[in-house]
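This report concerns only the one structure given below.
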Ligand SMILES: Nc1nc2c(ncn2[C@@H]2O[C@H](COP(=O)(O)OP(=O)(O)OP(=O)(O)O)[C@@H](O)[C@H]2O)c(=O)[nH]1
Ligand SMILES: [Mg+2]
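Residue numbers (my numbering): 594 to 840.
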């Protein structure tokens with residue numbers, strides 16, 4: 594499907610999640626764009642969830658290779674800049690189709706809705722919302738193509754940390770939440786306190802238990818329901834409730 598959409602697009606917008614910009618750069622999208630000689634731009638969405646300084650630093654780094662627009666579909670940041678870019682691109686072609694691609698849940702449909710100025714594409718915190726492709730007319734000669742998220746061949750745990758996987762569908766949510774927590778503990782432990790009001794422990798498992806106690810998620814007998822806690826943590830990450838980010 595990625596190949597089909599790529600060959601039909603004149604330009605590619607690769608949407609990434611500003612919190613985990615490098616992890617959400619999609620190697621399938623980037624290599625296909627390169628192979629087929631398509632102009633590629635990175636839309637770094639959800640910049641409302643990271644400090645401006647961090648976003649600028651990432652932009653500078655990625656722009657060694659690919660132009661980047663800092664964007665927030667929620668706050669409207671970067672809308673003007675992206676509109677100008679599209680206008681410029683559309684002057685070069687009579688008719689222009691822009692394929693909007695990227696991992697699940699990075700906000701592809703939300704970016705399209707923001708540009709369109711109304712809700713034309715369905716969005717949801719649930720990864721895998723967009724199923725088929727959808728052509729959205731932005732101007733008489735400009736079309737955006739909304740697409741389902743593209744995942745690459747990688748471990749389920751890595752996809753889960755990218756927010757590309759529905760937590761309920763994970764085989765081992767606890768292990769995956771621990772992997773995610775260890776990343777947060779390394780990069781921005783205060784996010785745990787901010788979100789859950791508990792002190793993080795250097796040990797991810799202990800941190801998970803503290804969060805479960807605070808949420809009062811228990812199994813019969815009184816112990817913490819680690820599985821339910823794990824899923825809640827992963828959902829909070831997907832929903833942008835945990836303010837962590839890393840390069
Ligand atoms: N904080 C924040 N959340 C956003 C932003 N853009 C999208 N989201 C949220 O991210 C989630 C996914 O958005 P979608 O637009 O459905 O993402 P998508 O890439 O189309 O997802 P799939 O169709 O599942 O691949 C939703 O809960 C959105 O509300 C943004 O700029 N900031
Ligand atoms: Mg979508």
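Every residue gets a Cβ at the ideal spot worked out from N, C-alpha and C, and that includes glycine.
| Asked | Found |
| --- | --- |
| Just the Cα atoms here: how many angstroms apart are residue 725 and residue 741? | 6 Å |
| Less than 8 Å separating the beta-carbons of residue 693 and residue 709? | no |
| Counting Cβ pairs, one atom from each stretch, are 3 or more of them under 8 Å apart for the stretch 809-828 and the stretch 612-626? | no |
| Give every residue of the same chain whose Cβ lies closer than 8 Å to the Cβ of residue 634, excluding the five residues on either side of it in the sequence, and list them in chain order. | 604, 605, 606, 607, 659, 660, 661, 662, 678 |
| Comparing the CB of residue 648 with every heavy atom of ligand 1, is any distance shorter than 7 Å? | no |
| Less than 8 Å between CB atoms is the rule here; does residue 684 satisfy it with respect to chain B? | The displayed structure is made up of one protein chain only, and chain B is not part of it. |
| Spatial neighbours of residue 766 within its chain, please: CB distance less than 7 Å, with the 5 preceding and 5 following residues excluded, ordered by chain position. | 760, 820, 823, 824, 827 |
| Tell me whether residue 792 sits in a helix, a strand or coil according to DSSP, three-state version. | coil |
| Within 10 angstroms of the Cβ of residue 840, are there 16 or more other Cβ atoms? Answer buried if so, exposed if not. | exposed |
| Tell me, to the nearest whole angstrom, how far the beta carbon of residue 637 is from that of residue 652; I am working on the premise that it is less than 8 Å. | 7 Å |
| Give me the residue from 620, 629, 631, 671 with the minimum Cα distance to residue 645. | 671 |
| Return the residue from the list 657, 711, 807 that minimises the CA-CA distance to residue 667. | 711 |
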